[in-house]
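Enquirer: Position in the sequence shown (from 1) plus 484 gives the number in this note's numbering.
If you scroll down you'll find the structure; I have some questions about it.
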Amino acid sequence: MQHRVTRLLRQYCLNDRPVALRFLSDPAVNFAHSAFSNVNYEDRNINVGLPIFTIHGNHDDLTGKG
485 MQHRVTRLLR QYCLNDRPVA LRFLSDPAVN FAHSAFSNVN YEDRNINVGL
535 PIFTIHGNHD DLTGKG
């Protein structure tokens, strides 16, 4: 299943289509804790044509270990 999800994400989300979203918040505030200073769909080195947003709660394990 994991490989199918990865294949579908690559097929439909990674492309050269323009993204019709604008990041309106201050990146210096929102990404102060991150090594990256902007949203990935505005990064010229990543071809994101369809951004995906996920929401996780404080009980979700981001590492997938449990």
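Just so you know, even glycine gets a beta-carbon here, dropped at the ideal spot from N, CA and C.
Could you check whether Arg501 and Leu534 sit closer than 9 Å to each other, using their CB atoms as the reference points?
Expert: Counting from one through the sequence shown, the residue named residue 534 turns up at place 50. Counting from one through the sequence shown, the residue named residue 501 turns up at place 17. Contact flag set, yes.
Enquirer: Tell me which same chain residues have a C-beta within less than 7 Å of the C-beta of Asn531, skipping the five on either side of it?
Expert: Start at 1 with the first residue of the sequence shown, and residue 531 comes out as number 47. Leu498, Asn499, Asp500.
Enquirer: How long is the line joining the alpha carbons of Leu493 and His487, rounded to whole angstroms?
Expert: As a working note, residue 493 is residue 9 in the sequence shown. As a working note, residue 487 is residue 3 in the sequence shown. Distance from the CA of Leu493 to the CA of His487, rounded to the nearest whole angstrom, comes to 10 Å.
Enquirer: Report the three-state DSSP secondary structure of Leu534 (helix, strand or coil).
Expert: The sequence position of residue 534 within the sequence shown is 50, counting from 1. Here Leu534 sits in coil by DSSP.
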